[in-house]
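Quick note, the sequence shown lines up with residues -15 to 185 if you use this note's numbering. Notes follow once the structure below has been shown.
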Amino acid sequence: MKKYIFFFFLICLQSCYYPVRKDYGIYSKSLVFSKDKKWLINDIRTGVDSHHRDMMGKETLKLFQDLSNGKATDLKTARAENIIQSSIPFEPEPEDLEVLKNNSDFNFLVNIYTLKVRNGLDHSIGTQYEYKKNETFAMMDVYDITTMKKIYSLKASSEVSVEKDQKVTIFDPTTEMMTMKNFRSLLKSVKKNAVKTGDIQ
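Structure, rendered in structure tokens:
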């Protein structure tokens, strides 16, 4: 019996494990948090369900509030307090950042975007008759509103595939699960590499 349990556990482990690749491009791995700088968290652009979308928003805001000593605000709150009047694009033009610069006291803008590139395994169980693949990524960009320039960019991506005649089981990750893993990988990287200055402890 123990042998069967061991093999079952091994199959689960192999199916559930897949790497998340990270790419910072030309940018530094670290974000600098200081006592007098304020962060605006934009609405997250994502295709996950509403429950996971809410989780993303709460987890992102909590992390940035913790790292900035409470100087982070999400766009929903900023709108409710009439600080921000409109939506902000994921890839803002200089004019969008100039509006923020002239009409708010935020120093940094945080944009997060996720995409399910391929979802071939999501509704496939059993032996497959062709090659199939799940592929997703999550991306975080940070803009310095004062200089109106991007200062940070991190992409976390992952993929899982099966060859023809291989089996897909309930333990193979869905694109929803993969997207959440990629997203949390972004937050873990920000936390791990954060640099605090001033009297933020």
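Ideal placement from N, C-alpha and C gives every residue a C-beta, glycine not left out.
Measure the alpha-carbon distance for residue i versus residue j and round it to whole angstroms.
i: V32; j: V101; result: 13 Å
i: G182; j: K21; result: 11 Å
i: I135; j: E147; result: 40 Å
i: N166; j: V4; result: 7 Å
i: V179; j: V16; result: 5 Å
i: R63; j: S71; result: 9 Å
i: D80; j: Y11; result: 22 Å
i: Q150; j: R168; result: 29 Å
i: S(-1); j: T158; result: Confidence at S(-1) is low in this model, with a pLDDT of 48, below 50, so its placement is unreliable and the value that follows should be read with caution. If I take the Cα positions, the gap works out to 11 Å.
i: P78; j: K133; result: 8 Å
i: Q112; j: F121; result: 24 Å
i: D125; j: I96; result: 7 Å
Kindly identify the DSSP beta-bridge partner or partners of residue i.
i: L93; result: L24, Y127
i: N103; result: N118
i: S71; result: DSSP output for S71 lists no bridge partner at all.
i: G110; result: V152
i: T98; result: A122
i: Y136; result: V126
i: T57; result: L24
i: V144; result: N118
i: K6; result: A140
Return the Cβ separation of residue i and residue j in integer angstroms, given the expectation that the two are a contact with Cβ distance under 8 Å.
i: S142; j: Y1; result: So it is not a contact: roughly 11 Å between Cβ atoms.
i: N53; j: K19; result: 6 Å
i: L99; j: N118; result: About 12 Å; that fails the 8 Å criterion.
i: E43; j: L138; result: Wrong, their Cβ atoms sit about 15 Å apart, outside the cutoff.
i: I68; j: L45; result: So it is not a contact: roughly 15 Å between Cβ atoms.
i: V94; j: F155; result: With a Cβ gap of about 34 Å, V94 and F155 do not count as contacting.
i: K60; j: I129; result: Their Cβ separation, rounded to whole angstroms, is 18 Å, which puts K60 and I129 out of contact at 8 Å.
For residue i, which of the options has the nearest alpha-carbon?
i: E75; options: D149, R29, K19, E160; result: R29
i: T131; options: E82, V94, N103; result: E82
i: H36; options: K176, E160, E77, N177; result: E160
i: N103; options: Y127, S145, A56; result: S145
i: D27; options: L47, F92, D58; result: D58
i: K116; options: V152, K13, D50, I96; result: V152
i: W23; options: N177, E114, H107, D50; result: D50
i: M39; options: G9, D89, M164, K175; result: M164
Assign residue i to one of two classes, buried (16 or more other C-beta atoms within 10 Å of its C-beta) or exposed (fewer than that).
i: S173; result: buried
i: N87; result: exposed
i: Y127; result: buried
i: K55; result: buried
i: I109; result: exposed
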